[in-house]
Amino acid sequence: MFLSELYRYPVKSGQAQSLQASRVGLLGLQGDRRWMVVEEENGRFLTQRAWPQLGQLQACDDDNGELLLQAPGRVPLRVPVPAADDALRGVTIWRDTLRVPDAGDAAAAWLSALLGKAVRLVHCPEQRARYLPNGYGLNSDRAAFPDGFPLLLIGQGSLDELNRRIGRPMEMLRFRPNLVVQGAEPFAEDGWKRIRIGSLDFRVLKPSVRCIFTTIDPATGERGADREPMVTLKTFREKEGDVLFGQNLAVDGSGWLEPGMQVEVLE
123 MFLSELYRYP VKSGQAQSLQ ASRVGLLGLQ GDRRWMVVEE ENGRFLTQRA
173 WPQLGQLQAC DDDNGELLLQ APGRVPLRVP VPAADDALRG VTIWRDTLRV
223 PDAGDAAAAW LSALLGKAVR LVHCPEQRAR YLPNGYGLNS DRAAFPDGFP
273 LLLIGQGSLD ELNRRIGRPM EMLRFRPNLV VQGAEPFAED GWKRIRIGSL
323 DFRVLKPSVR CIFTTIDPAT GERGADREPM VTLKTFREKE GDVLFGQNLA
373 VDGSGWLEPG MQVEVLE
(Lines of atoms letter the chains of each structure in order from A and count residues from 1; the text may use other names and numbers.)
(Lines give C-alpha, C1' and ligand atoms only; values in the text may rest on other atoms or scores of the structure.)
Protein backbone atom coordinates (compact mmCIF):
# COMPACT_ATOMS: atom_id res chain seq x y z
CA MET A 1 0.00 0.00 0.00
CA PHE A 2 1.18 3.52 -0.67
CA LEU A 3 0.10 7.13 -0.34
CA SER A 4 -1.10 8.06 -3.83
CA GLU A 5 -2.48 11.60 -3.38
CA LEU A 6 -2.21 14.53 -0.98
CA TYR A 7 -4.77 17.35 -0.87
CA ARG A 8 -5.30 20.45 1.20
CA TYR A 9 -8.04 23.07 1.24
CA PRO A 10 -6.56 26.43 2.35
CA VAL A 11 -10.01 28.05 2.81
CA LYS A 12 -12.74 25.85 4.22
CA SER A 13 -15.10 24.84 1.38
CA GLY A 14 -12.84 26.38 -1.27
CA GLN A 15 -11.08 24.47 -4.03
CA ALA A 16 -8.53 21.74 -3.34
CA GLN A 17 -4.78 21.93 -3.87
CA SER A 18 -3.01 18.77 -5.01
CA LEU A 19 0.38 18.57 -3.28
CA GLN A 20 3.66 16.88 -4.20
CA ALA A 21 4.79 17.09 -0.57
CA SER A 22 3.55 18.62 2.65
CA ARG A 23 4.56 19.09 6.22
CA VAL A 24 2.09 17.50 8.62
CA GLY A 25 1.62 18.16 12.33
CA LEU A 26 -0.87 18.86 15.08
CA LEU A 27 -3.45 20.55 12.81
CA GLY A 28 -2.97 18.15 9.88
CA LEU A 29 -1.38 19.18 6.59
CA GLN A 30 0.37 22.55 6.72
CA GLY A 31 -2.05 25.26 5.61
CA ASP A 32 -5.10 23.01 5.47
CA ARG A 33 -8.37 24.76 6.36
CA ARG A 34 -6.65 27.45 8.39
CA TRP A 35 -8.99 30.07 6.84
CA MET A 36 -12.79 30.20 6.92
CA VAL A 37 -15.56 32.42 5.56
CA VAL A 38 -18.20 33.42 8.13
CA GLU A 39 -21.34 35.52 8.15
CA GLU A 40 -20.55 39.08 9.17
CA GLU A 41 -23.69 39.32 11.27
CA ASN A 42 -23.21 36.32 13.56
CA GLY A 43 -19.89 34.62 12.77
CA ARG A 44 -21.49 31.38 11.57
CA PHE A 45 -19.38 29.44 9.08
CA LEU A 46 -20.33 29.11 5.42
CA THR A 47 -19.80 26.07 3.17
CA GLN A 48 -20.74 24.90 -0.32
CA ARG A 49 -23.69 23.08 1.20
CA ALA A 50 -25.58 26.37 1.05
CA TRP A 51 -23.13 28.59 -0.85
CA PRO A 52 -21.95 26.74 -3.98
CA GLN A 53 -20.11 29.90 -5.12
CA LEU A 54 -17.37 28.92 -2.66
CA GLY A 55 -16.50 26.17 -5.12
CA GLN A 56 -15.12 28.89 -7.43
CA LEU A 57 -12.68 30.07 -4.76
CA GLN A 58 -9.03 29.24 -5.35
CA ALA A 59 -6.63 29.99 -2.53
CA CYS A 60 -2.94 29.35 -1.98
CA ASP A 61 0.00 30.65 0.02
CA ASP A 62 2.18 32.97 -2.05
CA ASP A 63 5.95 33.39 -1.77
CA ASN A 64 5.55 36.04 0.96
CA GLY A 65 3.45 33.77 3.16
CA GLU A 66 0.26 35.68 2.36
CA LEU A 67 -2.96 34.06 1.21
CA LEU A 68 -3.71 34.59 -2.49
CA LEU A 69 -7.44 34.59 -3.30
CA GLN A 70 -8.61 34.03 -6.88
CA ALA A 71 -11.95 33.39 -8.60
CA PRO A 72 -13.21 33.64 -12.19
CA GLY A 73 -13.80 37.25 -13.22
CA ARG A 74 -12.26 38.63 -10.02
CA VAL A 75 -9.00 40.54 -9.55
CA PRO A 76 -6.76 38.37 -7.30
CA LEU A 77 -6.25 39.57 -3.74
CA ARG A 78 -3.35 38.96 -1.36
CA VAL A 79 -4.32 38.68 2.29
CA PRO A 80 -1.67 39.00 5.04
CA VAL A 81 -1.90 36.49 7.89
CA PRO A 82 -3.34 38.43 10.85
CA ALA A 83 -1.59 38.39 14.21
CA ALA A 84 -2.90 35.72 16.55
CA ASP A 85 -4.39 38.19 19.04
CA ASP A 86 -5.53 41.00 16.73
CA ALA A 87 -9.10 41.86 15.69
CA LEU A 88 -10.56 38.76 17.33
CA ARG A 89 -13.99 37.72 16.07
CA GLY A 90 -16.35 35.21 17.62
CA VAL A 91 -17.17 32.42 15.15
CA THR A 92 -19.27 29.26 15.19
CA ILE A 93 -18.47 26.03 13.38
CA TRP A 94 -21.04 23.34 14.09
CA ARG A 95 -21.24 23.17 17.91
CA ASP A 96 -17.92 24.90 18.52
CA THR A 97 -17.51 28.58 19.27
CA LEU A 98 -14.13 30.27 19.35
CA ARG A 99 -12.44 33.63 18.92
CA VAL A 100 -10.01 33.95 16.04
CA PRO A 101 -8.37 36.86 14.19
CA ASP A 102 -10.28 38.61 11.40
CA ALA A 103 -8.39 39.02 8.11
CA GLY A 104 -9.48 42.61 7.48
CA ASP A 105 -11.84 44.70 5.39
CA ALA A 106 -10.23 44.11 1.98
CA ALA A 107 -10.68 40.33 2.23
CA ALA A 108 -14.22 40.79 3.56
CA ALA A 109 -15.20 43.06 0.66
CA TRP A 110 -13.67 40.71 -1.95
CA LEU A 111 -15.49 37.65 -0.61
CA SER A 112 -18.75 39.53 0.00
CA ALA A 113 -18.77 40.51 -3.68
CA LEU A 114 -18.11 36.91 -4.70
CA LEU A 115 -20.93 35.52 -2.56
CA GLY A 116 -23.41 38.38 -2.69
CA LYS A 117 -23.58 38.37 1.10
CA ALA A 118 -21.84 40.28 3.90
CA VAL A 119 -19.08 37.95 5.11
CA ARG A 120 -15.71 38.03 6.86
CA LEU A 121 -12.59 35.94 6.44
CA VAL A 122 -10.98 34.57 9.60
CA HIS A 123 -7.75 32.70 10.33
CA CYS A 124 -6.96 30.00 12.89
CA PRO A 125 -3.50 30.23 14.48
CA GLU A 126 -2.35 27.04 16.16
CA GLN A 127 -2.75 28.46 19.66
CA ARG A 128 -6.45 29.13 19.02
CA ALA A 129 -7.30 25.75 17.45
CA ARG A 130 -10.30 23.70 18.60
CA TYR A 131 -10.42 20.51 20.61
CA LEU A 132 -11.69 17.45 18.77
CA PRO A 133 -15.29 16.27 19.26
CA ASN A 134 -15.88 14.87 22.73
CA GLY A 135 -14.74 11.29 23.16
CA TYR A 136 -12.29 11.19 20.26
CA GLY A 137 -8.53 11.51 20.22
CA LEU A 138 -6.20 12.72 22.95
CA ASN A 139 -6.45 15.86 25.07
CA SER A 140 -3.53 17.23 23.08
CA ASP A 141 -5.23 16.79 19.67
CA ARG A 142 -6.51 19.92 17.93
CA ALA A 143 -8.13 20.98 14.65
CA ALA A 144 -8.37 24.29 12.81
CA PHE A 145 -11.48 24.65 10.59
CA PRO A 146 -12.26 21.17 9.22
CA ASP A 147 -15.65 19.82 10.25
CA GLY A 148 -14.09 18.06 13.22
CA PHE A 149 -10.76 16.29 12.70
CA PRO A 150 -7.32 17.26 11.42
CA LEU A 151 -7.01 14.64 8.64
CA LEU A 152 -9.26 12.58 6.38
CA LEU A 153 -8.09 9.40 4.64
CA ILE A 154 -9.88 7.48 1.87
CA GLY A 155 -8.78 4.29 0.16
CA GLN A 156 -8.77 4.41 -3.64
CA GLY A 157 -10.21 0.89 -3.57
CA SER A 158 -13.22 2.19 -1.65
CA LEU A 159 -13.96 4.82 -4.27
CA ASP A 160 -13.46 2.26 -7.05
CA GLU A 161 -16.03 -0.04 -5.44
CA LEU A 162 -18.48 2.83 -4.98
CA ASN A 163 -18.07 3.80 -8.63
CA ARG A 164 -18.67 0.21 -9.69
CA ARG A 165 -21.95 0.20 -7.79
CA ILE A 166 -23.04 3.57 -9.18
CA GLY A 167 -22.07 2.63 -12.71
CA ARG A 168 -20.14 5.82 -13.47
CA PRO A 169 -17.09 7.53 -11.98
CA MET A 170 -17.31 9.88 -9.01
CA GLU A 171 -14.37 12.21 -8.43
CA MET A 172 -12.33 11.65 -5.28
CA LEU A 173 -12.50 15.40 -4.56
CA ARG A 174 -16.24 15.14 -3.90
CA PHE A 175 -15.18 13.63 -0.58
CA ARG A 176 -12.42 16.16 0.17
CA PRO A 177 -9.77 13.81 1.56
CA ASN A 178 -6.30 14.86 2.66
CA LEU A 179 -4.74 11.43 2.14
CA VAL A 180 -5.56 8.85 -0.53
CA VAL A 181 -4.16 5.33 -0.12
CA GLN A 182 -3.80 2.91 -3.00
CA GLY A 183 -3.30 -0.83 -2.86
CA ALA A 184 -5.83 -1.74 -0.14
CA GLU A 185 -9.06 -3.70 -0.50
CA PRO A 186 -12.28 -1.65 -0.61
CA PHE A 187 -13.07 -0.21 2.82
CA ALA A 188 -10.02 -1.82 4.40
CA GLU A 189 -9.49 1.49 6.23
CA ASP A 190 -12.62 0.75 8.30
CA GLY A 191 -10.64 -1.85 10.23
CA TRP A 192 -7.48 0.15 10.86
CA LYS A 193 -6.64 1.63 14.27
CA ARG A 194 -3.08 2.82 13.72
CA ILE A 195 -1.07 3.20 10.53
CA ARG A 196 2.39 4.42 9.58
CA ILE A 197 3.12 6.49 6.49
CA GLY A 198 6.80 7.06 5.93
CA SER A 199 8.16 7.68 9.44
CA LEU A 200 4.92 9.08 10.91
CA ASP A 201 2.29 7.25 12.96
CA PHE A 202 -1.40 8.10 12.61
CA ARG A 203 -4.35 7.18 14.82
CA VAL A 204 -7.65 6.30 13.12
CA LEU A 205 -10.30 8.08 15.22
CA LYS A 206 -13.72 7.58 13.60
CA PRO A 207 -15.47 7.13 10.25
CA SER A 208 -16.32 10.24 8.27
CA VAL A 209 -20.06 11.00 8.11
CA ARG A 210 -21.04 12.16 4.64
CA CYS A 211 -23.70 14.65 3.55
CA ILE A 212 -25.25 16.44 0.58
CA PHE A 213 -21.89 18.15 -0.07
CA THR A 214 -20.74 14.99 -1.91
CA THR A 215 -23.41 15.51 -4.58
CA ILE A 216 -21.70 18.74 -5.77
CA ASP A 217 -19.47 18.33 -8.81
CA PRO A 218 -16.08 19.79 -7.74
CA ALA A 219 -15.35 20.95 -11.31
CA THR A 220 -18.63 22.80 -11.96
CA GLY A 221 -20.08 23.50 -8.51
CA GLU A 222 -23.39 22.04 -9.67
CA ARG A 223 -25.43 19.59 -7.58
CA GLY A 224 -26.32 16.34 -9.34
CA ALA A 225 -30.03 15.83 -9.92
CA ASP A 226 -29.67 12.10 -9.20
CA ARG A 227 -28.23 12.84 -5.73
CA GLU A 228 -25.31 10.52 -6.31
CA PRO A 229 -23.17 9.30 -4.63
CA MET A 230 -25.41 9.60 -1.56
CA VAL A 231 -28.20 7.44 -3.02
CA THR A 232 -25.85 4.50 -3.58
CA LEU A 233 -23.85 5.03 -0.37
CA LYS A 234 -27.08 4.76 1.64
CA THR A 235 -27.69 1.28 0.23
CA PHE A 236 -24.55 -0.20 1.80
CA ARG A 237 -22.73 2.38 3.93
CA GLU A 238 -25.44 3.62 6.28
CA LYS A 239 -25.15 2.88 9.98
CA GLU A 240 -27.55 4.20 12.60
CA GLY A 241 -28.69 6.92 10.22
CA ASP A 242 -25.19 8.08 9.25
CA VAL A 243 -23.65 7.51 5.82
CA LEU A 244 -19.97 6.63 6.27
CA PHE A 245 -17.11 6.97 3.79
CA GLY A 246 -13.45 7.49 4.76
CA GLN A 247 -11.72 7.71 8.12
CA ASN A 248 -10.70 10.67 10.28
CA LEU A 249 -7.14 10.63 11.63
CA ALA A 250 -4.77 12.39 13.98
CA VAL A 251 -0.98 12.29 13.70
CA ASP A 252 1.57 11.67 16.43
CA GLY A 253 4.41 14.14 16.07
CA SER A 254 5.27 16.04 12.91
CA GLY A 255 7.17 15.49 9.70
CA TRP A 256 6.76 15.32 5.93
CA LEU A 257 4.49 13.38 3.62
CA GLU A 258 4.70 12.86 -0.11
CA PRO A 259 2.92 10.60 -2.58
CA GLY A 260 4.63 7.26 -3.07
CA MET A 261 5.36 6.70 0.63
CA GLN A 262 4.60 3.23 1.93
CA VAL A 263 1.55 2.78 4.15
CA GLU A 264 1.80 0.15 6.92
CA VAL A 265 -1.04 -1.00 9.16
CA LEU A 266 0.24 -1.19 12.74
CA GLU A 267 -3.03 -2.16 14.41
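Sequence positions in the sequence shown follow this note's numbering and run 123 to 389. Glycine is no exception: its CB is placed at the ideal position from the N, C-alpha and C atoms.
Spell out the partners DSSP gives residue i in its beta bridges.
i	result
Gln137	BP columns for Gln137 are empty, so no partner.
Lys315	Beta-bridge pairing links Lys315 to no other residue.
Val385	Ile319
Lys239	Paired residue(s): none; Lys239 is not in a bridge.
Arg264	Tyr253
Trp378	Arg145
Pro223	Leu210
Pro329	Gln369
Arg200	Leu190
Asp269	Paired residues: none, contrary to the question.
Phe324	Ile317, Val373
Determine the burial state of residue i: buried for a count of at least 16 other Cβ atoms within 10 Å of its Cβ, exposed for fewer.
i	result
Asp227	exposed
Pro291	exposed
Leu260	exposed
Arg145	exposed
Phe358	exposed
Arg287	exposed
Gly382	exposed
Gly165	buried
Trp216	exposed
Lys134	buried
Val326	buried
Asn370	buried
Gly257	exposed
Asn300	buried
Thr302	The question names Thr, but residue 302 in the sequence shown is Val. Val302 should be labelled buried.
Ile319	buried
Asp348	exposed
Ser376	exposed
Ile334	exposed
Ser330	buried
Pick from the options: whose alpha carbon is nearest that of residue i?
i	options	result
Ser321	Tyr253, Trp378, Leu281	Trp378
Leu179	Ala172, Gln170, Arg264, Gln192	Gln192
Lys239	Leu168, Glu248, Trp314	Leu168
Leu366	Ile338, Asp323, Ala231, Leu274	Leu274
Asp184	Val373, Leu199, Trp314, His245	Leu199
Ala205	Ala143, Val222, Leu237, Lys328	Val222
Gly277	Ala230, Glu311, Gly165	Glu311
Ser280	Phe297, Pro272, Arg264, Lys315	Phe297
Ala181	Leu128, Glu350, Phe271, Met158	Met158
Gln152	Ser330, Glu350, Tyr129	Tyr129
Thr214	Val326, Gly195, Arg252	Arg252
Gln137	Glu162, Pro194, Asn285	Pro194
Val160	Cys246, Asp154, Glu188, Asn186	Cys246
Thr342	Glu293, Val331, Met352	Glu293
Gln80	Gly150, Ala265, Glu283	Lying outside 123 to 389, the shown extent of the chain, residue 80 is not represented and no answer is given.
Tyr131	Met123, Asp269, Glu386, Arg332	Asp269
Gly212	Asp224, Val203, Ala372	Asp224
Gln170	Glu344, Glu248, Asp218, Lys328	Glu344
Glu218	Phe267, Gln142, Phe124	Looking at the sequence itself, residue 218 is Asp, so the reference to Glu does not match. Answer by Cα proximity: Phe267.
Thr354	Pro340, Arg332, Val373, Ala372	Arg332
Please classify residue i: does DSSP put it in a helix, a strand, or coil?
i	result
Gly212	strand
Lys356	helix
Thr342	coil
Asp348	coil
Phe297	helix
Ala229	helix
Gly279	helix
Ala206	coil
Arg286	helix
Glu127	strand
Phe393	In the structure displayed, the chain extends from 123 to 389; residue 393 sits before or after that span and is not available.
Please tell me whether, using a cut-off of 7 Å, the distance from the CB of residue i to the nearest non-hydrogen atom of the ligand MG is below it.
i	result
Leu327	With respect to small molecules bound, the structure shown includes none, and the ligand MG cannot be examined in it.
For the stretch 143-188, list the beta strand (DSSP E) runs that are entirely contained and at least 3 residues long, ordered along the chain. 144-147, 157-161, 180-183
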